[in-house]
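The next block holds one structure in the form of structure tokens; read it before the comments.
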Amino acid sequence: MLGARVATLALGVVVSALIARSLSPEERGMYYIAVTFALTAIALGHLSVEQAQTALWPDTSRRAVLTANSVPLGLCIGAAAALAALAVAGVLRNVANLPDMWMVAMACAGVPLSMAVLYANNIAFLSDRAQLVAAVMLLGMGFQCLSLIVLGVSGRLTAYSVVVIWTIAAGVSLIVLIGGRNALVGRRADLASALTTCAMGVRFHPGSAAAYLLQRSDVFLLNALAGHRQVGIYSLAVTLAEMSRLVIDVVWQVTLSRQLDEKDRDAAGDTVRIIRLMVVLAIASALIAIGLTSVLVVPVYGHAYATAHQLLVLLLPGILLAGASRPAATYLLGSRSSRIIVYPSVAALILNIGLIVVLIPVWGAAGCAVATGVAYAALAVCQVTLFIRVTGISGRLLLPRVSDFAEITGRLRAASQ
Numbered sequence: 009m010l011g012a013r014v015a016t017l018a019l020g021v022v023v024s025a026l027i028a029r030s031l032s033p034e035e036r037g038m039y040y041i042a043v044t045f046a047l048t049a050i051a052l053g054h055l056s057v058e059q060a061q062t063a064l065w066p067d068t069s070r071r072a073v074l075t076a077n078s079v080p081l082g083l084c085i086g087a088a089a090a091l092a093a094l095a096v097a098g099v100l101r102n103v104a105n106l107p108d109m110w111m112v113a114m115a116c117a118g119v120p121l122s123m124a125v126l127y128a129n130n131i132a133f134l135s136d137r138a139q140l141v142a143a144v145m146l147l148g149m150g151f152q153c154l155s156l157i158v159l160g161v162s163g164r165l166t167a168y169s170v171v172v173i174w175t176i177a178a179g180v181s182l183i184v185l186i187g188g189r190n191a192l193v194g195r196r197a198d199l200a201s202a203l204t205t206c207a208m209g210v211r212f213h214p215g216s217a218a219a220y221l222l223q224r225s226d227v228f229l230l231n232a233l234a235g236h237r238q239v240g241i242y243s244l245a246v247t248l249a250e251m252s253r254l255v256i257d258v259v260w261q262v263t264l265s266r267q268l269d270e271k272d273r274d275a276a277g278d279t280v281r282i283i284r285l286m287v288v289l290a291i292a293s294a295l296i297a298i299g300l301t302s303v304l305v306v307p308v309y310g311h312a313y314a315t316a317h318q319l320l321v322l323l324l325p326g327i328l329l330a331g332a333s334r335p336a337a338t339y340l341l342g343s344r345s346s347r348i349i350v351y352p353s354v355a356a357l358i359l360n361i362g363l364i365v366v367l368i369p370v371w372g373a374a375g376c377a378v379a380t381g382v383a384y385a386a387l388a389v390c391q392v393t394l395f396i397r398v399t400g401i402s403g404r405l406l407l408p409r410v411s412d413f414a415e416i417t418g419r420l421r422a423a424s425q
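Heads up, the final residue of the sequence shown is numbered 425 in the numbering used here, and it's a clean run with no missing numbers.
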């Protein structure tokens, strides 16, 4: 899984560099807003079905039907979300400074496809089939990268074509999922079970929607208050920051099945060890990302994006802390209590919006980065605090030890031999 994510990261760097070199910051901002609008439709419309899948997964009698329902449910809910998004875009286009409606419509066409991939990928992780998700990521990103290279070399790369390729890539990923050995075929979807899953998901959904808006509200507010050019530069910093979270995201994903395994009698203890590991990886990721971007942003992306490095430095601590705290959130999700999932995300979103409205007029994109970093850090602290209260575990046990660093380096040396 890590190898696939590293390969995907490399392809993503190629894609982002090609787009930056072919499009102006303003054009990059336009395509980024269109895609982000579609991703927001997914985040607000997915009804937290994947969280319900995670909460229900320990019940082994439900696993087969949860798997069978994943793709059909994703396509149906995704289609409804896409239509709702287009209606909202028609009303708010001028207020939100959205790009051309055809561009927005093409991005929304990928919503049902991406929603189905989201649900099915979550099932693959829960059933410990990370290799399937790895294949989906590689082939989807490979198609996207190759297509953009062809258009870039031929001089036909535009903001609109980037959005079209993004949508088609979602379809390629879904085809890989359906065609793989993933047990999605062989059993019919069950409507009653689908409704049960959706009903449980709706309980968690305010928290899930708030968590996503925490990730993307900064882009929309910056676009409305400062314009496409600022978004183009800021979005590069966001992309680089999210790329730097690669390793800790992989660790969280591949340990999902262990955290939720009903045979594991020490889920809290496992969560503590995973959090310590992820804190170590977050520190290493931050140092590497800051060092590399300080020398590579201008040569790779051009002088127009030079300030992206400073924005990355402001964003990175909060983003990595939020990533490292995700095992705590997963453990809390297992309790099936919607309040401890919803309240922290909603509070962090409110904090983020308040800080953004105050700081963007003063510091522009830098103020947006500070506000978002602080909100991410606040969410991480809140999730870890709740985990400590629920489990009774001492907070000191979550701090990395010398033995954790030694274990990681030892395993890396063993893997390289």
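Don't be surprised by glycine CBs; every beta carbon is placed ideally from N, CA and C.
The alpha helix (DSSP H) that contains residue i, what's its start and end?
i, result
"residue 83", "71-104"
"residue 110", "109-116"
"residue 147", "138-161"
"residue 237", "236-252"
"residue 401", "Element bounds for residue 401: n/a, residue is neither H nor E."
"residue 334", "334-341"
For residue i, which option in the options has the closest C-alpha, if you only look at C-alpha atoms?
i, options, result
"residue 371", "285, 400 and 234", "234"
"residue 98", "137, 285 and 112", "112"
"residue 219", "357, 378 and 122", "357"
"residue 200", "53, 411, 340 and 73", "73"
"residue 107", "138, 148, 37 and 380", "37"
"residue 302", "248, 39 and 208", "248"
"residue 136", "80, 14 and 75", "75"
"residue 42", "351, 324, 310 and 172", "172"
"residue 414", "83, 289, 34 and 166", "289"
"residue 89", "56, 60 and 70", "56"
"residue 300", "215, 141, 320 and 20", "320"
"residue 139", "298, 185 and 284", "185"
"residue 196", "256, 77 and 154", "77"
"residue 379", "306, 391, 390 and 363", "363"
"residue 354", "23, 205, 212 and 84", "212"
"residue 388", "229, 406, 54 and 79", "406"
"residue 170", "146, 115 and 258", "115"
"residue 145", "402, 157 and 11", "11"
"residue 58", "246, 231 and 210", "210"
Does DSSP classify residue i as helix, strand or coil?
i, result
"residue 216", "helix"
"residue 54", "coil"
"residue 407", "coil"
"residue 62", "helix"
"residue 121", "helix"
"residue 222", "helix"
"residue 347", "helix"
"residue 165", "coil"
"residue 278", "helix"
"residue 176", "helix"
"residue 263", "coil"
"residue 314", "coil"
"residue 135", "coil"
"residue 284", "helix"
"residue 67", "coil"
"residue 257", "helix"
"residue 31", "coil"
"residue 373", "helix"
"residue 397", "helix"
"residue 388", "helix"
"residue 211", "helix"
"residue 197", "coil"
"residue 26", "helix"
"residue 322", "helix"
"residue 190", "Because the pLDDT at residue 190 is just 48, under 50, the model does not fix this residue reliably, and the value given afterwards should be weighed accordingly. Of the three classes helix, strand and coil, the one that applies to residue 190 here is coil, per DSSP."
Check the C-beta distance from residue i over to residue j and give it rounded, since I have them as a contact under 8 Å.
i, j, result
"residue 332", "residue 359", "Not really, about 19 Å apart at Cβ, beyond 8 Å."
"residue 51", "residue 217", "6 Å"
"residue 253", "residue 327", "6 Å"
"residue 177", "residue 152", "4 Å"
"residue 241", "residue 313", "6 Å"
"residue 399", "residue 335", "Rounded, the Cβ-Cβ distance is 12 Å, inconsistent with contact."
"residue 62", "residue 341", "6 Å"
"residue 81", "residue 207", "Wrong, their Cβ atoms sit about 13 Å apart, outside the cutoff."
"residue 167", "residue 31", "6 Å"
"residue 373", "residue 228", "With a Cβ gap of about 14 Å, residue 373 and residue 228 do not count as contacting."
Using a Cβ cut-off of 9 Å (strictly closer), state whether residue i contacts chain B.
i, result
"residue 176", "The structure shown contains no chain B; it is built from a single protein chain."
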